[in-house]
Structures are given as structure tokens and as C-alpha cells.
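Here is the structure we will look at, set down as C-alpha cells.
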Amino acid sequence: MGSRVTRRRALRVLGASLGGSAFAYAVAPVAAFVQATNKEEFLQQHYRELTEAGLADVLRRLEAETARDYGADVSIRDPRPLPDVQFGYALNLSVCIGCRKCAEACHHENNHDRRTNNSYIRVLEMTQGTMDMEQGRADYDHAVPAPGKYYMPVQCQQCENPPCVDVCPVQATWKEDDGVVVVDYNWCIGCRYCEAACPYHARRFNWHKPEIPADEINPDQAYLSNRVRPQGVVEKCHFCLHRTREGRLPACLEACPTGARVFGNLLDPESEIRWVLANKRVFVLKEELGTNPRFFYFFDT
Amino acid sequence: MHRRAVHRRSATYPPVQLTLVVLAASASACQAASAEYFADTDQPRADDASGAALHDTTIELPASLRGVPTGERAPTGAPVVVACGTCHNGEPGALPAQASEVAGPHTGLVVQHGGNTCGSCHDPNRRDRLRLADGQQLELTEAMQLCSQCHGTQRRDYDHGAHGGMAGHWDLARGPRTRNHCIHCHDPHVPAYPRVLPAAPPRDRFFGAGAGHE
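If you're matching them up, the sequences are chains A and B in order. Here the first sequence is numbered in my numbering, starting from 5 and rising by one per residue. Here the second sequence is numbered in my numbering, starting from 15 and rising by one per residue.
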């Protein structure tokens, strides 16, 4: 990780780099964060500097907090990247009908706030013949597929060169060995630089403490993925690493009723994802930015 | 798009384009290796290069391939069907020219599938069997072979996991996988995928009234 930046120093830098009202606005979540954090949490070391025992303590503490705050009995693990695995994802736009089942599955799998109906996936309704995702609409509400439209689900593209990681002042977000860009929700200071830096609008900010009924909480959780996030931090798609690092398919793929999604190991020449890359004309979003996504799109020809 | 392009390239991460060249080069080998991945019946995939046994890929069989669903369910949850053979045992007579002529429990049948006639798929001598263009008879449970005869591209994509979806494990070394049958998604008589109402839209304002942020 190189020289370690403390969160306290980051707050100072943040103050120096933003003017007047913008600063007040930007630090509001930070202030809330500082108030809401208990001493143990504030003194917690960066995830990547924790010892095994230290991490175990943190996981048990977070489980206890979920039990206290949500009345839910959950288990939080920390599955590590698998050796010789680089995840890749592809999506067949000829087959997707825009039903939002993927977004819905993500909502439940990843313990999203019920009030905002949040999801790591936004399905964009696009006009046939256009390709600019900025022209897509996520708020359509009519039978699909609508005539003249196609549908483009967008989630974190797990870029090879993630601009969001570069702008984080406290290194609370980074790229793991299997290509998944993760966030340490206990280290994030909520400055939202990463959210602004992401060309794919893939990051979400927790304006409120997530509201989830106890019996709807998915108890199968991981530290870097779907554990209930605190207020005031940024989150994003993590390719369901609590599932995929155990060999399982992501929740959005299993939920897709049209079979538009293909997931697998880019390093395995026999994998389905490699077959798609070799046999379909795949493209990536905003290629000109040089982000080099791990998420590919294609049309059947 | 009002964002500045990011033209940085980190030395530690090789650009994906490079990877793609390598991928393209291995395409043919890949095709040959995966030609036998799936069969119509439940068959485990061949062992991988490392020699580790792989878990099974199971293609689920729709109830309609076992008989006419009664709408009832067994205590196990499985749909109760009346086997085709209960009423059909090789009775003679040409297949009808039109779906509207069909009587009995099948009254109301609609067929909209290209220009196909009943005989494109059904065996004229055995009501409870299917038939390929070369005359080969198929059990109903072998219907995927029938579809593949005319839709080779989709079948090829399906065999490579790029059509039809799946559930379970991406890594068969770690666990099994189940797959849909063509007929789960496409009614053989009216195969167009139906339109549906989408799940609720997100309740943030993003990309809503004119593409502003939050």
C-alpha cells in the first residue's frame, strides 16, 4: 500500500482542497461518521494491515452490531481471491429484455436500503441505433421490451485502471488480485470523490442508515461485499465476491430470466467467458477513457 | 458527457486489449475443447486438464415434456402430469393442417412458429413423439435436439453458456450447475419470448428527470 495516509490527515487535505460551502457540504457525512463511530471502530486498522486475529475480532464485532441494530443473526466472512482467477463478466444485449430482475436480485442479495430500492445495477433503456449510455433512462416503467428500445444493465465495470481507486484520499478502495475493486466500509470517509470519478455511475453513497427488516437480511455476508453498510460510506458492485470466491455464480446472473449474463475466469481458456470473448464481437463502455473494464457487452449477430 | 477523459495507464495493470489478442489466438483450441460440454441428458463434463473431477451440469426437464400438466402438484412440489401415452398409443391419422382443428384436452392450441407445420416437429404416426427432418423419431424429452436442428447458432451459444442462462457454480471444480431447457423460455408452439412488466425502478433521481445526479 505504500506510505499510509491516516484518515485524520485526509480530513485536513480535504479541508484545504475545497472552498467554503462545498467543504461544509462535503464534510457533513464525515462529521456524521465521526459522531457515529465508536472508539473501537475508529481505532480499527486498515483492513489490509489487520492480523488474522485482529480481523476475526472485527468480524465478530460487526456481527454483534448487526444483531443489535437490525435484530438479525448474520455471519460475516472474509473470502480471499482464488489463485489463478481473474473474474470477467459479459452481457448479451440481444437477449436482455430490461426486466430489472438482476437489479432486484442484487437489492436482496446485497442487503440494500429498502427505502431507496438501491441496487448496484441500473438498467438503462436505450434507443436502438444509439450507444451512448448517458442518453439511457433508468426510470422506465412500462412493459418490456418496448418497441424501438434495447436495454443495457450497467454495474461496476471492475476496471483494470480504476479512476475511482486513484482519487481515494485514504485508500479505502482498491483492486484485489482477482480484479474486483472493493471498498473497506470501515475506512471510507464518505468524501465521494470516487463516486464522481467513476465514468459508469457505478458507485452509491449511503445518505441514510440502510433500512432492512430483520427477516429480509441476507445473513450470508462478507466484510468486503454485502454486509450491511454504515451510513455515510460509498459502496459498489463487488461481483458478489462472497459467492464467486466460493465458485458460485453472482446473484444477478442466476436471477436473469433471459440468460443474458455470462460470468467466469478470464484465465481459464475453457471458460464460458473466454468463449464469448473469442467468438462474439464484444465491446466495453467508454473505451476511449482507457479504464479497461472487465465487463463486456455484445450483440448476437 | 461532461467528464474529462482519464488517459492514465498504470504500469502494474496491463491493458485488457493485450489480453484480448491472446484470447483471440486461443479461440480455435477453445472451441474444439468445449464441443462436448453438454448433452441433452444429465451428463457430467469431462475432467479438466488438472485431472480433478468436475461436478455435474444438469439440464432441468420441463414438465410439459413428460405429459400434459394438470395444474396440480405432488407433495414433493413437482407438477402432476398426465403422460401422453395415457391417451395416445400410435393411433393412425394425419396430423391436422391447423392448430384450430385440434380437439380433446388440447383445444385452443395456438401455433406461431415461423412457417412450421405440425409435421415439422411431430411424428405423424406417433402423437407422443417428435420427429427430425430426416425422419428420425425422438422422445419428447429429447426436444432440445429438435430445436437445435433449425437453431444451430443458439444451440452452439447455449453449449458455451452464452444463451439460456444457468444457476449454481461458475467453477465446476467446486460445485454443480443447473441449466434451463429451451422450452422453459420458449413455448415450442409460440417461441417468441414474452413481454413482461419490469421490477420497480430505483427510487433515486439518477438518470431520472433529465439525467442529473442524485
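Just so you know, even glycine gets a beta-carbon here, dropped at the ideal spot from N, CA and C.
Terminal residues of the alpha helix (DSSP H) in which residue i lies
i	result
Phe129/A	In the sequence as displayed, the identity of residue 129/A is Glu instead of Phe. Glu129/A -> not in any alpha helix (DSSP H); beta strand (DSSP E) instead, spanning 126-131.
Gln168/B	166-173
Ile277/A	276-283
Leu95/A	Looking at the DSSP string, Leu95/A is not in any alpha helix (DSSP H); the run it does join, the beta strand (DSSP E), is 91-96.
Arg72/A	56-74
C-beta atoms of residue i and residue j nearer than 8 Å
i	j	result
Ala213/B	Lys179/A	no
Ala201/A	Pro167/A	yes
Val95/B	Pro119/B	no
Ala150/A	Ile125/A	no
Arg81/A	Ala226/A	yes
Arg193/B	Gly178/B	yes
Arg145/B	Cys135/B	yes
Tyr204/A	Leu86/A	no
Pro223/A	Asp77/A	yes
Phe302/A	Arg285/A	yes
Val127/A	Ala147/A	no
Cut-off 8 Å between Cβ atoms - residues of its own chain near residue i, not counting five sequence neighbours on either side
i	result
Arg298/A	Gln90, Phe91, Gly92, Tyr93, Gln161, Gln162, Cys163, Glu164, Gly183, Leu270
Thr121/B	none
Leu79/B	Leu154, Thr155, Ala157, His195, Ile197
Asn296/A	Cys163, Glu164, Asn165, Val288
Cys44/B	At Cys44/B, the pLDDT of 35 sits below 50, so the modelled position is not reliable; the number obtained from the coordinates is stated separately. Excluding positions up to five away in sequence, the list is empty.
Limits of the beta strand (DSSP E) - the one that residue i falls within
i	result
Ala67/B	First-last for Ala67/B: undefined, no H or E at that position.
Gly85/B	82-87
Leu152/B	151-153
Assigned exposure category for residue i - 16 Cβ within 10 Å defines buried
i	result
Ala109/A	buried
Asn103/B	exposed
Ala259/A	buried
Ser123/A	buried
Val204/B	exposed
Asp117/A	buried
Pro214/A	buried
Val187/A	buried
Val124/B	exposed
Phe52/B	Here the model assigns Phe52/B a pLDDT of 36, short of 50, so the residue's position is not dependable, and the following value carries that caveat. By the neighbour-count rule (16 or more Cβ atoms within 10 Å), Phe52/B is buried.
Thr100/B	exposed
Ser79/A	exposed
Same chain, Cβ closer than 7 Å to residue i, five either side skipped, listed in chain order
i	result
Arg196/A	Phe209, Val238
Pro216/B	none
Ala147/B	Gln163
Gln49/A	Gly58
Glu113/A	Asn222, Asn230, Cys244, Ala255
Arg72/A	none
Thr84/B	Val94, Val95, Val96
Neighbour list for residue i in chain A, Cβ cutoff strictly below 9 Å
i	result
Met158/B	Neighbours of Met158/B on chain A: none; closest Cβ ~14 Å, over 9 Å.
His174/B	Val266, Glu276, Trp279, Val280, Asn283
Nonlocal neighbours in the same chain, by C-beta distance under 6 Å from residue i, ignoring five residues either side
i	result
Glu291/A	none
Gln132/A	Gly152, Tyr154
7 Å Cβ cut-off: residues of chain B touching residue i
i	result
Cys260/A	Gly179
Partner residues on chain A for residue i, Cβ-Cβ distance less than 7 Å
i	result
Leu211/B	Ala147
Chain-ordered chain B contacts of residue i [CB-CB under 8 Å]
i	result
Lys105/A	Ala213
Glu180/A	Chain B residues near Glu180/A: none, gap ~12 Å exceeds 8 Å.
Under 8 Å by beta carbon: chain A residues contacting residue i
i	result
His102/B	Those within 8 Å of His102/B in chain A number zero; the least Cβ separation is about 32 Å.
His183/B	Gly251, Arg252, Leu253
Under 9 Å by beta carbon: chain B residues contacting residue i
i	result
Ser123/A	Pro216
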